[in-house]
Amino acid sequence: MKSIRKALRDGELVKDTYERVTCAECGKPLKTENDPDTITTIRRCPDCGSEWKELR
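The numbering of the sequence shown is my numbering, which starts it at 389 and goes up by one.
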């Protein structure tokens, strides 16, 4: 699973005009899953199901 920053550099994710992260393939904003026991947040595309991790 790639990080958000690496996926932005590789072109898998893009930021819109309001700095929201969206999937480059689907064009949909990412959904967030927070697990309070870990330091990472999982961001998932609702259409294609791809996942990325984000450090808090």
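For every residue, glycine included, the Cβ atom is placed at its ideal position computed from N, Cα and C.
Since this is a predicted model, take the numbers as computed values, not measurements.
Quick one, are the C-beta atoms of residue i and residue j less than 9 angstroms apart?
i           : j           : result
residue 444 : residue 438 : no
residue 421 : residue 412 : no
Since residue i and residue j are thought to touch, with beta carbons under 8 angstroms apart, how far apart are those beta carbons, to the nearest angstrom?
i           : j           : result
residue 417 : residue 410 : 5 angstroms
Any idea which residues DSSP pairs residue i with across the strands?
i           : result
residue 421 : 430
residue 441 : 391 and 430
residue 414 : Paired residue(s): none; residue 414 is not in a bridge.
residue 396 : In DSSP, residue 396 forms no bridge with anything.
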